[in-house]
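First the structure, in the form of structure tokens, and then the observations on it.
2 protein chains.
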Amino acid sequence: MSAKQSSEEILSSHKLKSTACRKTVLNELLESETAMTEQEIKDVSGNLFDRVTFYRTLRTLEAAGIIHSIILDNNQVKYAISDMRQDTVHSHFHCIKCNEVQCLNDDAIDVKIALPPGFKTQSLDVMINGICNHCN
Amino acid sequence: MSAKQSSEEILSSHKLKSTACRKTVLNELLESETAMTEQEIKDVSGNLFDRVTFYRTLRTLEAAGIIHSIILDNNQVKYAISDMRQDTVHSHFHCIKCNEVQCLNDDAIDVKIALPPGFKTQSLDVMINGICNHCN
DNA sequence: ATTACTTTTGCAACATTGTTGCACTTTTAT
DNA sequence: ATAAAAGTGCAACAATGTTGCAAAAGTAAT
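In the order they appear, the protein sequences are chains A and B.
With the numbering used here, letter number 110 in the first sequence gets 689, and the count goes up by one each step, no holes.
With the numbering used here, letter number 119 in the second sequence gets 698, and the count goes up by one each step, no holes.
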């Protein structure tokens, strides 16, 4: 794990203006151990911003590849800081008890695929549902 | 692959009343090679039913385990007939060109997981994004 | 620091989807 | 054919996604 960058550094390195909403969202996600819903981020950051601004901020950060969204079974969407490594495998652990989602180290996952002829893999998402270490 | 059951047989074996909307939805999904969105099912079945009925039908069929929903990156939800085998691994292929989704035979996928201590796996979802045989 | 330019924000407004209550209709078992 | 149970359609509302536009804030040059 590289030294944690500040939200300003991350934003400027992606040529994005460093605004209050963006910095707030990034800081919350940088501090969080687990992926967060839009509402959770709003709550901890004191509902300072318009919901449209929040919405656009999340899309901007996602489009820049700074964060990524994780969609759960129950249609809930969570956000997490993206690992800067450009991996083709993205894996997450979803605790069915506490509903928390964590990004997994790709080393932990080994997927072998034997697709029918004609199919080409570009990226791979793995979602593991189960009980996390805290709930176990 | 076992012989295809009729929608009536499927419904009665799950103790669900065999109504027009349920039969229509099931028939469309049984005939389809790929997973379908709610709108796609509505369109091919002639918009005969109220959107609330459709909504409740999908939830009923999903709750019974007859169909399952697949959530894509773009938040789109698709539905497909469930394989009756109670596997813990569910894998789907999503073509990023034509946007079609197909359920994959689990034999094609081999996933090895080395989770940190304390974590327990209950189910596993794999989504492969790429180019399908038709688009290649 | 002021200015000019560009981008972002907040607001209004609207579309889409998810969801519930309730009266009416259909299915199913007798 | 009838009654009980379950499903449907409608109305209504909540939550979320999305856009346009004028005001505000960030950025770079003077």
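Virtual Cβ for every residue (Gly too), placed ideally from N, Cα, C.
Please read these numbers as outputs of a predicted model, since none were measured by experiment.
- A/D689 is classed as exposed because its beta carbon has fewer than 16 other beta carbons within 10 Å across all chains shown.
- The three-state reading of DSSP puts B/A642 in helix, counting H, G and I together.
- By the neighbour-count definition (other C-beta atoms within 10 Å, threshold 16), B/A642 is an exposed residue.
- A distance below 8 Å between beta-carbons, with the five flanking residues on each side excluded, links A/T700 to the following residues of its chain, in chain order: T667, I692, L694.
- B/Q618 and A/E619 have their C-alpha atoms some 31 Å from each other.
- A straight line joining the alpha-carbon of A/L640 with that of A/E588 spans about 13 Å.
- Non-local C-beta neighbours of A/S702 in its own chain, meaning closer than 6 Å and more than five positions away in sequence, comprise T667, ordered along the chain.
- The three-state reading of DSSP puts B/T603 in helix, counting H, G and I together.
- When DSSP states are grouped into helix, strand and coil, A/Q681 belongs to the strand group.
- B/A659 sits close to B/I649, with the two beta carbons spaced by under 8 Å.
- For B/L703, the enclosing beta strand (DSSP E) has its first and last residue at 699-710.
- Any Cβ of chain B closer than 8 Å to the Cβ of A/C682 would place that residue at the interface, and such an atom is absent.
- With its beta carbon less than 8 Å from one in chain A, B/L703 belongs to the interface.
- Within chain B, the C-beta atoms nearer than 7 Å to that of A/A693 come from A687, in chain order.
- Per DSSP, A/D629 lies in no alpha helix (DSSP H) segment and is marked neither H nor E.
- B/L627 sits exposed, since fewer than 16 C-beta atoms from the chains shown fall within 10 Å of its C-beta.
- Taking 8 Å as the CB threshold, B/K699 lines the interface with chain A.
- In this structure, B/Q681 lies near B/H671, with their beta-carbon atoms less than 8 Å apart.
- No Cβ-Cβ contact shorter than 8 Å links B/H673 with B/S661.
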